[in-house]
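So the structure is just underneath, and the comments pick up after that.
There are 2 protein chains.
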Amino acid sequence: MSDRDLSFWGWGYAEKFPDEDERRELKDRLETMLGFPERELRDPPALDEVSIPDSTVSVPEDLAGVCSTAIEDRIRHAYGSGYRDIVRGFRGEFESAPDVVAEPETEDEVRALLDWATENRVAVVPYGGGTSVVAGVECDPDGDDAGYAGVCSLDLRAMDRVLEVDEHSRTARIQAGATGPQINDQLREHGLQLRHYPQSYEFSTLGGWIATRAGGHFATVYTHIDDFVESVRMLTPSGEFESRRLPASGAGPDPNRLVLGSEGTLGAITESWVRVQPRPSHRAKASVRFADFDAAVDATREIVQARLYPANCRLLDSREAMMNEVAMDGSHVLVLGFESVDHPVDDELDRAIEIAEARGGTVSSGPRYEGPHRDDAEAGGSDGGDEDDENDDAGEWRSAFFEAPYKFNALVSMGVIVDTFESAVTWDQFDRLHAEITEQVTATMQEECGAGFLSCRFTHVYPDGPAPYYTLLAPADVGRELEQWREIKATASDVIEEYGGTITHHHAVGRTHREWYEAESPDEFRDALRAAKERLDPEGIMNPGALLESE
Amino acid sequence: MSDRDLSFWGWGYAEKFPDEDERRELKDRLETMLGFPERELRDPPALDEVSIPDSTVSVPEDLAGVCSTAIEDRIRHAYGSGYRDIVRGFRGEFESAPDVVAEPETEDEVRALLDWATENRVAVVPYGGGTSVVAGVECDPDGDDAGYAGVCSLDLRAMDRVLEVDEHSRTARIQAGATGPQINDQLREHGLQLRHYPQSYEFSTLGGWIATRAGGHFATVYTHIDDFVESVRMLTPSGEFESRRLPASGAGPDPNRLVLGSEGTLGAITESWVRVQPRPSHRAKASVRFADFDAAVDATREIVQARLYPANCRLLDSREAMMNEVAMDGSHVLVLGFESVDHPVDDELDRAIEIAEARGGTVSSGPRYEGPHRDDAEAGGSDGGDEDDENDDAGEWRSAFFEAPYKFNALVSMGVIVDTFESAVTWDQFDRLHAEITEQVTATMQEECGAGFLSCRFTHVYPDGPAPYYTLLAPADVGRELEQWREIKATASDVIEEYGGTITHHHAVGRTHREWYEAESPDEFRDALRAAKERLDPEGIMNPGALLESE
Chain A
185 MSDRDLSFWG WGYAEKFPDE DERRELKDRL ETMLGFPERE LRDPPALDEV SIPDSTVSVP
245 EDLAGVCSTA IEDRIRHAYG SGYRDIVRGF RGEFESAPDV VAEPETEDEV RALLDWATEN
305 RVAVVPYGGG TSVVAGVECD PDGDDAGYAG VCSLDLRAMD RVLEVDEHSR TARIQAGATG
365 PQINDQLREH GLQLRHYPQS YEFSTLGGWI ATRAGGHFAT VYTHIDDFVE SVRMLTPSGE
425 FESRRLPASG AGPDPNRLVL GSEGTLGAIT ESWVRVQPRP SHRAKASVRF ADFDAAVDAT
485 REIVQARLYP ANCRLLDSRE AMMNEVAMDG SHVLVLGFES VDHPVDDELD RAIEIAEARG
545 GTVSSGPRYE GPHRDDAEAG GSDGGDEDDE NDDAGEWRSA FFEAPYKFNA LVSMGVIVDT
605 FESAVTWDQF DRLHAEITEQ VTATMQEECG AGFLSCRFTH VYPDGPAPYY TLLAPADVGR
665 ELEQWREIKA TASDVIEEYG GTITHHHAVG RTHREWYEAE SPDEFRDALR AAKERLDPEG
725 IMNPGALLES E
Chain B
185 MSDRDLSFWG WGYAEKFPDE DERRELKDRL ETMLGFPERE LRDPPALDEV SIPDSTVSVP
245 EDLAGVCSTA IEDRIRHAYG SGYRDIVRGF RGEFESAPDV VAEPETEDEV RALLDWATEN
305 RVAVVPYGGG TSVVAGVECD PDGDDAGYAG VCSLDLRAMD RVLEVDEHSR TARIQAGATG
365 PQINDQLREH GLQLRHYPQS YEFSTLGGWI ATRAGGHFAT VYTHIDDFVE SVRMLTPSGE
425 FESRRLPASG AGPDPNRLVL GSEGTLGAIT ESWVRVQPRP SHRAKASVRF ADFDAAVDAT
485 REIVQARLYP ANCRLLDSRE AMMNEVAMDG SHVLVLGFES VDHPVDDELD RAIEIAEARG
545 GTVSSGPRYE GPHRDDAEAG GSDGGDEDDE NDDAGEWRSA FFEAPYKFNA LVSMGVIVDT
605 FESAVTWDQF DRLHAEITEQ VTATMQEECG AGFLSCRFTH VYPDGPAPYY TLLAPADVGR
665 ELEQWREIKA TASDVIEEYG GTITHHHAVG RTHREWYEAE SPDEFRDALR AAKERLDPEG
725 IMNPGALLES E
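For the record, the sequence lines run as chains A and B.
Using this note's numbering, the first residue of the first sequence is number 185, and each one after it goes up by one.
Using this note's numbering, the first residue of the second sequence is number 185, and each one after it goes up by one.
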C-alpha cells in the first residue's frame, strides 16, 4: 500500500470511490426509502487545485531526510476520517494541514525528531492510518496549538515490521506503524494471526490502536487491543518508556494502561509485544430474528451473562438490519458466532440459540457448524487460508463492515450528513438511554435537516452492559452541513452524558469528544494525567489539544 | 467478626492457633520428612506484656470519636501478615505501631481525617484486613515516615455495607471495608456472589483488593479484582476521585487502572461498583497426575492456549502435592475445574483431560460432573448454599488453601522460616526461571540454614505464561531468622528480576518488593506516577514508602 493510492480527501483507496451510476443508485435509495429531498451529486476535488498556507517550520539538516514539507504530504496528513474531515476534504479545505511531515524509519530518528521539536516548541502529532473519527490527528492552528512554532505530523508507517515471534508463548514483537494486513501477512508463516479487527483494520496501525484503545470486531472476551498488549515501548520527550513482557502482574498500577488511551499526548509508541493466536479451527454461527427489540436485548443480555463467550453477538435493530440488507422484513437480528482454535463450539451456539428462542427469537440463518473433522452437509469448511477470511463468520455482514466507511465518501458527495456514534452503558440504564437517543437525535435531525434516519446495533456486549453503536443519515444544506452536524452530534453526546453512558466505547476522545470526556471522567483523574504528561512531556509538544485541553 | 477475636501477633482467629499436640506433630513431620534439625516449641506472647512507645500524635476533639490511641488498637494495626510480621509479632516487638488508629464510619469522617492529617503532616496508612505480606500497611518510623508528625492507621472496616444491588446488570455498590464473607452474606438474598477468593478472603477487604490488585482463586478469565471493578470511589487529600459506572470505555487511559494497584498512596478507597454473579449451577472437575514436570507444564500451557477457560487449572509440583497431601507418590498434579452459571461444562473438562493425557497424564480423581439436572451416581450436588462452599470444586485442596496461612503461626512458633513468593513470566522463559529459582533458593537456604524445602504451583495461567507460586520452609536460627529470611527473599527476588518475571503477580509491592519493583517497572512510568501522586496528595501523607520511595 502506498499513500498515493489512498484518497487524499476521504476514506480508503481512491479507486474505490463509487462511479456515478453507483452513487446515483444510492441517492435514489435514500430519496425513496428515507424520503430525503432530492440530492445533487457533486464531484470530488482535484489534488492540484488545493492550496494551503506555507509551512512555518524549517527543518534542520540532520532531519531533512526524515521530513517533508511537500504540499501533498502535508495535505495527506491534515485530517482523520470523520464526517467533518471528509466534508472539509471534499471542499478542498486543508488550511490546518501540518507544517511538516516526518516519516522516520528508526527509533533514533523518532528520538531526534522529538528532541528537535521539544527544543523548538513544535507540536508533534503521532500519525498511523489517519483513520481517527474524533480529530485525533489534527492540530487546530487557531486553537490548541497557538503558541507553537508549528505542527509536525509524525507518520510512523515506515516502522511496520514484525520483529520477533515467540510461538511458544504465542506473542510477537511488532513495530507500531504496521497495519492490520501487514501484521497478519508477516505472522502467516508462523501459523499465527493477531485477530484484532477494528473497522479501520486495512489502514490503521498497532500504535494507533494502542493509543486509542481500539475495539476489535469480536463481541466478548479478547477483543480490545488492551487485552492483547503484553508490553509496550513509547518514546516520550523525556525518555524511553518500556514495560516488561509479562502475562500479568500485580506490581503497582499497570504501566501499559497509562499508554493505552493516551492518544499521542505522552509520547510516540514505537513497538509492542502483543498476544497472537492460531487461526480458529472450529466455528459455529447463526442469525436469529426478533419481532420485538426489547426481547432481543433481553436475549442478548442473557447470552452474555451466561458467559458463553461468543466471538460475535451483534444485535442489529430493524433499521440497521434493513440498511445492511440482512433482514428486510422489519425484524431485529442477532448475529451469533462462536469460534475456537481447539474444540467444537456447537454446544455453545445451540445454547445461545435456545436462550434466544426462549425470548421469542426465530433462527433465520444457520445454525452452521464448521470444523476440520466435520463432514456433514452443512459444513462450510472455508479453511483455505484465504487472504481476507478473518471475518467470514457472517459473510453478508462482514463485507458491509469493511465497506461501510467508503459509503461516507459517496454520501458526502451527494450532500448527506452521515455519522456514527457509540457508547457503553450498564444494562439497567440502556433502555432509557436508547429511548432518549432515538427521540432526541431524530428530533434534532428533523429540526436541522427536515428528515433523518437513525439505526442501532450492539458492537460489543458485557455481562454488565452493551456497547450500542448508532448510524445516522440526514439530508444536508450543502455549505451549512458542518453546523447541522455539530448540532446533531452535540445532541447525541449530551444525551449519552446525561443518561450515564461513556462518550466513547472505542472511537477515542481526540478533540471532538473532549468536552464530554471532561464531564464523564473524574476531575482528579484528569489532574493526575495532566501531571503525568507534564513530567513526560515538559514542553507540552505531544498532540496538544487531544484528550486534554492544551495549556 | 470482632478484631478482638483475631490473633494480635499472627494470622487469623486467635483460637485457631494449634495446640501443643498439633504443633508437635507438625514439628515431627518437618524433622523426619524434611530432615530439619530438632525444633523447639515456643509459646506465643501475651498482649499485656507488649510495650510500645507513646503516641506522638494528639488527636483534635472533632476526630476523637473516630480515633483511638489505645495500646491494643495500635498493636493490632502495626503489621500485615507476612513472615517478617509474624516473627516480630511473636517476639512481642511492635515498636513501629502507628500512633493513632482511625475507624471512620462515614466518608465525611474519612475526609475530616485526611484534612487533619494533611494539615499536620501525619502519615496515613489505609488498612483493611491487615493481610499484606509485603509490609503494605506498616510505616517505618526510622525510614520512610521520617519527617512526619506520626502515623495514623486508617482502618476502613466499619464501612462494610453492600449499598446497592443492580440485579439486571449483575453489579453491586459495596463499601471498601467489607470483607469477603461480609460481601457474600449481603449478596445472598439477591442470589448473587462476588466470587473473588484470594487466600486472605476471610479477612481482607474490597478496598484492599483494589489497592493491591488482588488475584482470586480462579485460574483464568475473571479472577483478578481488576476485572470486577466497574467503577471506584477514592478520597484523596485533594478531593474526590469517582469514576463512572461503565461496562467498558475507550475514553482515555482507564481511570480505574490508576486506582488499581495504587496501594493507598493516592487516597483511601471508600466504595466500588463491582461485577457479581449467581452461584454456578454446573461444575466439572478432575485431577491428573504426571510423572514428568515438563510434560505437566506443557499440558497446562496447551489447555490455557486452547482457551477452555478453566476455573481451576492449578498445577502442583510433586513437593507441593505431597505437602498438601494431594499425592504422596511423587507425582505432579494438575487440578482441573470448570464451572458455569448456565450450562454443562463436561465437554470442556473432557477436552482438557484429553490434552493432559496426550502429554502423559493419568486421571487420578474424577472426572466428576455436577449440575442441577444431573442424576447419575457421580453427582455431588452440593447446591445447598452452605456458608463456605465457594471453593468446593477441589475439596482437599480448598481447605488446605484457606488453612495454609495458619501454619505460618505454628511454624514461626517452632523456629521454622516459612514464606511464599510468586511471579508471572512468559512461557518461553518459564523453564529457565524455574530452574534458577529452584537451584539458587535451595542453595541459599542450605547455606543460611543448613536445610530447606521449596515447592511450586501455578496459581493462575494465561495464554502467554503461567504465574508460578513458591512455598519455602527452612530451619531458623531463632533470633537471627529475619536476617536469614532476608537473604533467601533477596535471592528469590533477584532471580525473578534477572529472568524476566514480575516481582509480584498478586502479592503487591508494599515496602518489601520496592527495590525489585524499581528494577522491573519503567522509570518513566514511576516518574509519571509520582507526578500524579504529588497532584492528588501534595503533602505526601498517603502511605509513604509503599510502592514508591518516600521523598
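Heads up, the beta-carbon is just placed ideally off N, CA and C, and yes, glycines get one too.
Item, Value
"Length of the line joining the Cα atoms of Tyr653(B) and Thr604(B)", "7 Å"
"Interface flag, Leu657(B) vs chain A, CB-CB below 8 Å", "no"
"Counted within 10 angstroms of its Cβ, other Cβ atoms place Met507(A) as buried (16 or more) or exposed", "buried"
"Meets three-Cβ-pair contact criterion under 8 Å: the stretch 256-263 of chain B and the stretch 185-198 of chain B", "yes"
"Limits of the beta strand (DSSP E) - the one that Gly550(B) falls within", "Thr546 to Glu554"
"Gly392(B): first and last residue of the uninterrupted alpha helix (DSSP H) it sits in", "Leu390 to Thr396"
"Residues that Gln370(A) contacts on chain B, provided the C-beta gap is smaller than 8 Å", "Result: empty, since nearest Cβ-Cβ is about 19 Å, beyond 8 Å."
"Pick from Glu704(A), Gly729(A) and Ala730(A) that is closest to Leu430(B), judged by C-alpha positions", "Glu704(A)"
"Neighbour flag for Gly434(A) against chain B, beta carbons, 8 Å", "yes"
"As assigned by DSSP and simplified to three states, the class of Tyr267(B)", "helix"
"Cβ of Gln489(A) within 8 Å of any chain B Cβ", "yes"
"Contact list for Phe425(A) against chain B, beta-carbon separation under 7 Å", "Pro706, Glu708 and Phe709"
"CA nearest to the CA of Cys640(A), picked from Glu702(A), Ala712(A), Glu523(A) and Leu518(A)", "Leu518(A)"
"Ile601(B) - DSSP class collapsed to helix/strand/coil", "strand"
"Amino acids of chain B, ordered along the chain, whose beta-carbon sits closer than 7 Å to that of Leu444(A)", "Pro437"
"Unbroken alpha helix (DSSP H) run spanning Arg641(B), endpoints", "No alpha helix (DSSP H) contains Arg641(B), which is instead part of the beta strand (DSSP E) from Phe637 to Tyr646."
"Residues that Pro310(B) bridges to, as DSSP identifies them", "Leu338(B)"
"Any chain B beta carbon closer than 8 Å to Val526(A)", "Reading the sequence as shown, one finds Asp at residue 526(A) and not Val. Yes, because at least one Cβ of chain B sits closer than 8 Å to the Cβ of Asp526(A)."
"Span of the beta strand (DSSP E) around Ser456(A)", "Ala452 to Arg459"
"Contact with chain A by Tyr646(B), beta-carbon distance below 8 Å", "yes"
"DSSP state of Thr302(B) mapped onto helix, strand, coil", "helix"
"Straight-line gap, Val309(B) to Asn593(B) (C-alpha atoms, nearest Å)", "25 Å"
"Where Ala542(B) falls: helix, strand or coil (DSSP)", "helix"
"Ser497(B) - partner residues in DSSP beta bridges", "Residue 497(B) is actually Cys in this sequence, not Ser. Per DSSP, Leu520(B)."
"Pro728(B) versus Ala307(B) - alpha carbon distance", "7 Å"
"Tyr381(A) classed as buried or exposed, judged by whether at least 16 other C-beta atoms fall within 10 angstroms", "buried"
"Residue interval of the beta strand (DSSP E) (run including Tyr701(A))", "It is not in any beta strand (DSSP E) - Tyr701(A) instead sits in the alpha helix (DSSP H) that spans Arg698 to Glu704."
"Contacting residues, own chain, Cβ-Cβ under 8 Å from Lys717(A) (five flanking each side not counted)", "Thr449, Leu450, Gly724, Met726 and Leu732"
"Asp478(A) - containing alpha helix (DSSP H), residue span", "Phe477 to Gln489"
"Anticipated Cβ contact below 8 Å, Leu444(A) with Ile394(A), distance rounded", "6 Å"
"8 Å contact criterion, which Ala470(A) and Val529(A) should meet: CB distance rounded", "Not really, about 12 Å apart at Cβ, beyond 8 Å."
"Test: Trp611(A) CB closer than 8 Å to a CB of chain B", "yes"
"Bridge partners - Glu348(A), DSSP secondary structure assignment", "Arg357(A)"
"C-beta neighbour in chain A for Val693(B), strict 8 Å", "yes"
"The stretch 370-387 of chain A in contact with the stretch 468-485 of chain A per 3-pair CB rule at 8 Å", "no"
"Where Arg543(B) meets chain E, residues with beta-carbon distance less than 9 Å", "Judged by its chain identifiers, the structure shown contains no chain E, and its protein chains are A and B."
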